[in-house]
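S.K.: Take 3 as the starting number for the sequence shown in the working numbering and just add one per residue. For glycine and all other residues, C-beta sits at the position ideal for the given N, C-alpha and C. For clarity, every value in this text was computed on a predicted model and none was experimentally measured.
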Amino acid sequence: MTALPELQRRVLADLRSDTVTTPTPEMREAMAQAPVGDDVYGEDPTVNALQAEVARLTGHEAGLFMPSGTMTNQVAIALHTRRGEEVICAEGSHIYEWELGMMATFSGVVPRFVPAPLGVPDPAGVRLAVRHSIHQSPTGMISLENTHNKAGGTVIPLDILAAIRAVADEEDLPLHLDGARVFNAAAALDVPLADITRHFDTVSVCLSKGLGAPVGSVLVGSAAQMRQAHRYRKMMGGGMRQSGVLAAAALVALRDGPARLREDHRRTRQLADALANAGYSVNLAAVQTNIIYVTLPDAAAQVAHWAQAGVLASALGPDSVRFVLHHQVSDGALEEAIRVLTA
Ligand SMILES: *Cc1c(COP(=O)(O)O)cnc(C)c1O
Numbered sequence: 003m004t005a006l007p008e009l010q011r012r013v014l015a016d017l018r019s020d021t022v023t024t025p026t027p028e029m030r031e032a033m034a035q036a037p038v039g040d041d042v043y044g045e046d047p048t049v050n051a052l053q054a055e056v057a058r059l060t061g062h063e064a065g066l067f068m069p070s071g072t073m074t075n076q077v078a079i080a081l082h083t084r085r086g087e088e089v090i091c092a093e094g095s096h097i098y099e100w101e102l103g104m105m106a107t108f109s110g111v112v113p114r115f116v117p118a119p120l121g122v123p124d125p126a127g128v129r130l131a132v133r134h135s136i137h138q139s140p141t142g143m144i145s146l147e148n149t150h151n152k153a154g155g156t157v158i159p160l161d162i163l164a165a166i167r168a169v170a171d172e173e174d175l176p177l178h179l180d181g182a183r184v185f186n187a188a189a190a191l192d193v194p195l196a197d198i199t200r201h202f203d204t205v206s207v208c209l210s211k212g213l214g215a216p217v218g219s220v221l222v223g224s225a226a227q228m229r230q231a232h233r234y235r236k237m238m239g240g241g242m243r244q245s246g247v248l249a250a251a252a253l254v255a256l257r258d259g260p261a262r263l264r265e266d267h268r269r270t271r272q273l274a275d276a277l278a279n280a281g282y283s284v285n286l287a288a289v290q291t292n293i294i295y296v297t298l299p300d301a302a303a304q305v306a307h308w309a310q311a312g313v314l315a316s317a318l319g320p321d322s323v324r325f326v327l328h329h330q331v332s333d334g335a336l337e338e339a340i341r342v343l344t345a
């Protein structure tokens, strides 16, 4: 392992994830000034303001601030299901692939993946996956991911969302959105956030991905659901006391972040085109927001080689490399990165 200070000095562009951003001076200032209180008692005014703001933007009644997107998703699963049930979700969904079996250990439920080319499940396929027979695990909920991380940051079209909402209504099932990057989806579709989030009973929104906050996600839903969610959050160790210092940074991220996502998407397209032109295997149809997957032999060795030249990416499989753009990669840094990656 190279020592981190040594590495940082040589980094031209950190494209491993949109979680690597550091708080802006405006966030630091807001953190220093934030009024705070004990949030486990519901008394932190800055946390309350953040929850109200995310609820307003998503068109939901109430919100609850948590340390991570894993926690907001898993609290939502606990809210909507009973032990022994299934969670219908798109293949490759983060709630199962990258949340450490938590739906089984905390809620006692199992996933039922449905096919989802480019991260978009077919509403008819979702309907087919619903089970009510006494011989099978009953369906407890449906969960979608928008944008879909593993599929390449892909966006679910609004008519598909409406059709899956109709399936949920007809089958009397709750519908959750893992909206870690739902602001990217709204930017890509050029619609207000609520046009997406209003289709769901609960939505998990990450502030610490492309929006750039240092920590935190918010779960939104009804006020009654959020009262229950508060208990599950405490069970998971997510009662955070004077967390207004974090919420203050997240409020700045909500104010300044969404408008910057279009720039991230433009730069992502520029990098994807440059990689494709240089002969890399990139599925350009999947490049819709701020993520690019490249298929190449020996991903780990290639990533290590690029890191030596100052460009950081993630090897996410033996032959798969992921690049993620964020607001702390400037046009200049991107040009440098392209020079290294296409050398
Ligand atoms: C990052 C991410 C999450 C949440 O991850 P945490 O690291 O727990 O904050 C959830 N869903 C998706 C799709 C993500 O990309």
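(1) Can you tell me whether TYR43 is buried or exposed? The criterion is at least 16 other CB atoms within 10 Å of its CB, across all chains shown.
(2) Measure how close the beta-carbons of HIS329 and ARG262 come, nearest whole angstrom, since I'm counting them as under 8 Å.
(3) For ALA336, name the three-state secondary structure that DSSP assigns.
(4) Looking at the strands, I want to know which residues DSSP matches up with HIS178.
(5) Rounded to whole angstroms, what is the Cα-Cα separation between ASN50 and PHE108?
(6) Could you check the C-alpha separation between MET3 and ALA311 for me, to the nearest Å?
(7) Please report the straight-line C-alpha distance between GLY65 and GLY259, rounded to a whole angstrom.
(8) Would you call the CB atoms of ARG183 and LYS211 closer than 8 Å?
(9) Alpha carbon to alpha carbon, how far is ALA165 from ALA118? Give it in angstroms, no decimals.
(10) Compare the beta carbon distance of ASP20 and ASN292 with 8 Å and say whether it is the shorter of the two.
(11) Here's the rule I'm using: 16 or more other beta-carbon atoms within 10 Å means buried, otherwise exposed. How should HIS137 be labelled?
(12) When the Cβ atoms of the segment 71-82 are set against those of the segment 271-278, are three or more pairs found closer than 8 Å?
(13) Keeping to the same chain, check which residues put their C-beta closer than 6 Å to that of PHE325; ignore five residues upstream and five downstream.
(14) Quick one: what's got a C-beta closer than 7 Å to THR355's C-beta in the same chain, skipping five residues either side?
(15) Should GLN227 be labelled buried (16 or more other beta-carbon atoms within 10 Å of its own) or exposed?
(16) What residue range does the beta strand (DSSP E) around ILE294 cover?
(17) 8 Å is my cut-off, CB to CB: does GLN53 come that close to chain C?
(18) Please report the residue range of the beta strand (DSSP E) in which ARG84 lies.
(19) Could you name each continuous beta strand (DSSP E) segment of 3 residues or more that falls completely within the segment 270-320, going from the start of the chain to the end?
(20) For GLY246 and ASP46, I'd like the C-alpha separation in whole angstroms.
(21) Do you know whose CA, among MET105, GLU63, VAL157 and GLU93, lies nearest LEU81's CA?
(22) Buried or exposed: where does GLN35 fall if 16 or more other Cβ atoms within 10 Å of its Cβ makes it buried?
(23) Just to confirm my understanding: we take ALA278, look at its own chain, exclude 5 residues before and 5 after, and list those with CB closer than 7 Å. What are they?
(24) Write down the C-beta distance between GLY61 and THR199 rounded to the nearest angstrom, noting that I regard them as a contact closer than 8 Å.
(25) Quick check on VAL313: buried or exposed, where buried means 16 or more other Cβ atoms within 10 Å of its Cβ?
(26) Taking C-beta to C-beta, are LEU253 and ALA32 nearer than 8 Å?
(27) Entirely within the segment 13-99 and at least 4 residues each: give me those alpha helix (DSSP H) ranges in chain order.
(28) From which residue to which residue does the beta strand (DSSP E) around GLY223 run?
(29) Have a look at ASP192 and PHE185 and give me their C-alpha separation to the nearest angstrom.
(30) Compute the beta-carbon to beta-carbon distance between THR48 and VAL38, rounded to the nearest angstrom, for a pair I have assumed lies under 8 Å.
(31) Let's test the definition: count the other Cβ atoms within 10 Å of the Cβ of ASP180 and tell me whether it reaches 16, buried, or not, exposed.
(32) Return the chain-ordered list of same chain residues with a C-beta closer than 6 Å to the C-beta of GLY214, the five sequence neighbours on each side being excluded.
M.R.: Quick answer:
(1) exposed
(2) The Cβ separation is near 5 Å, so the contact holds.
(3) It is Leu, not Ala, that sits at residue 336 in the sequence shown. Looking at LEU336 - three-state DSSP - the assignment turns out to be helix.
(4) SER145 and THR204
(5) 27 Å
(6) Low confidence applies to MET3: its pLDDT is 48, below 50, so where it sits in the model is not reliable enough to give any reading.
(7) 19 Å
(8) Cβ atoms of ARG183 and LYS211: closer than 8 Å.
(9) Rounded to whole angstroms, ALA118 to ALA165 spans 15 Å at the Cα level.
(10) yes
(11) exposed
(12) no
(13) Closer than 6 Å at the Cβ level, and outside the excluded window around PHE325, lie LEU17, ILE294 and ALA315.
(14) The question about residue 355 has no answer, for the chain in this structure spans 3 to 345.
(15) buried
(16) 293-297
(17) Of the chains in the structure shown, none is chain C; there is only one protein chain.
(18) Note, ARG84: premise wrong, no beta strand (DSSP E); not H, not E.
(19) With a minimum length of 3 residues, the continuous beta strand (DSSP E) runs that stay inside the segment 270-320 are 293-297.
(20) 6 Å
(21) For the set MET105, GLU63, VAL157 and GLU93, the Cα lying nearest the Cα of LEU81 is the one of MET105.
(22) Exposed, since its Cβ has fewer than 16 Cβ neighbours within 10 Å.
(23) VAL284 and LEU286
(24) The Cβ separation is near 6 Å, so the contact holds.
(25) buried
(26) yes
(27) Those alpha helix (DSSP H) runs which fall completely within the segment 13-99 and span 4+ residues are 27-35, 47-60, 71-82 and 96-99.
(28) 219-223 is the span of the beta strand (DSSP E), which, as asked, contains GLY223.
(29) 10 Å
(30) 6 Å
(31) buried
(32) The beta carbon of GLY214 lies closer than 6 Å to those of THR23, ALA255, GLY259 and HIS329 in the same chain, with the five residues before and after it left out.
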